[in-house]
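What follows is a short report on a single structure.
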Amino acid sequence: MTDQEPTLLRRLLDIEELKRLKASYFRNLDTKNWDGFAGVFASEAVLEVPEAEMVVNGREAIVKSVSEALAGARTVHHGHMPELELTGADTARGTWAMFDYVEWPAPESGGRVGLQGYGHYVEEYVREGGRWRISRSRLERLRVDSLASDVPAVAG
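Under the UniProt record's numbering, the first residue of the sequence shown is numbered 1, with each subsequent residue one higher.
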């Protein structure tokens with residue numbers, strides 16, 4: 001074993017933990033597991049969604065804002081092609097290509113309204129209490145397709 005191997009192994013493990021963190025973000029968001037969703041954020045995290053002119057500060061406020069915005073919605077979020085960089089012993093940053101599908105019922109038409117979005121999450125991470133957490137997340141959508149309200153809702 002060379003002197004660099006433990007450092008390389010630690011870096012690879014950290015990068016894998018960051019991937020698992022983002023997977024947990026998506027799974028908890030789509031299953032509406034708000035306690036699990038809260039657990040992916042640092043206590044003083046910041047969430048930014050420029051297209052909605054939204055900046056939310058703090059883990060509890062992020063969960064409240066997102067859970068209220070998605071009340072009654074069916075969502076599917078995918079993150080791909082992570083570009084992750086360790087910037088310090090307990091800090092990192094990354095960019096994820098993303099796709100999201102967000103659908104709310106449209107009671108007046110019996111159909112649905114919503115969007116399909118494509119873009120990137122640009123994030124910063126911090127290790128808190130021995131675990132990686134999201135300290136800043138900025139959703140930058142490059143394209144948004146609206147879902148028509150006359151499309152019948154799909155059970156499921």
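Using N, Cα and C, we set each Cβ at its ideal position, and we do this for glycine too.
Backbone secondary structure at residue 28 - three-state DSSP: Here residue 28 is taken as the residue at index 28 of the sequence shown, counted from 1. Three-state DSSP puts residue 28 in a helix.
Beta-carbon spacing of residue 109, residue 123 below 7 Å: As a working note, residue 109 is residue 109 in the sequence shown. As a working note, residue 123 is residue 123 in the sequence shown. Not a contact, by the Cβ cut-off of 7 Å.
Cβ contact check for the segment 59-78 and the segment 139-147: 3 or more pairs under 8 Å: no
Cα-Cα separation, residue 36 to residue 22: Residue 36 sits at position 36 when you count from the first residue of the sequence shown. Residue 22 sits at position 22 when you count from the first residue of the sequence shown. Their Cα atoms are separated by approximately 12 Å.
Where the beta strand (DSSP E) containing residue 61 begins and where it ends: The residue given as residue 61 occupies position 61 in the sequence shown. It is not in any beta strand (DSSP E) - residue 61 instead sits in the alpha helix (DSSP H) that spans 59-69.
Burial state of residue 143 (16 or more Cβ within 10 Å): On the sequence shown, residue 143 is found 143 positions in, with the first residue counted as 1. Exposed, by the Cβ-count rule.
Residue 7 - partner residues in DSSP beta bridges: Sequence index remark: in the sequence shown, residue 7 carries index 7 (1-based). Bridge partners of residue 7: none, in fact.
Beta-carbon contacts of residue 34 that lie in its chain and below 7 Å, excluding the five residues immediately before and after: In the sequence shown, the residue the question calls residue 34 occupies position 34. If we look at residue 34 and ignore the five residues flanking it on each side, its Cβ neighbours are 63, 67.
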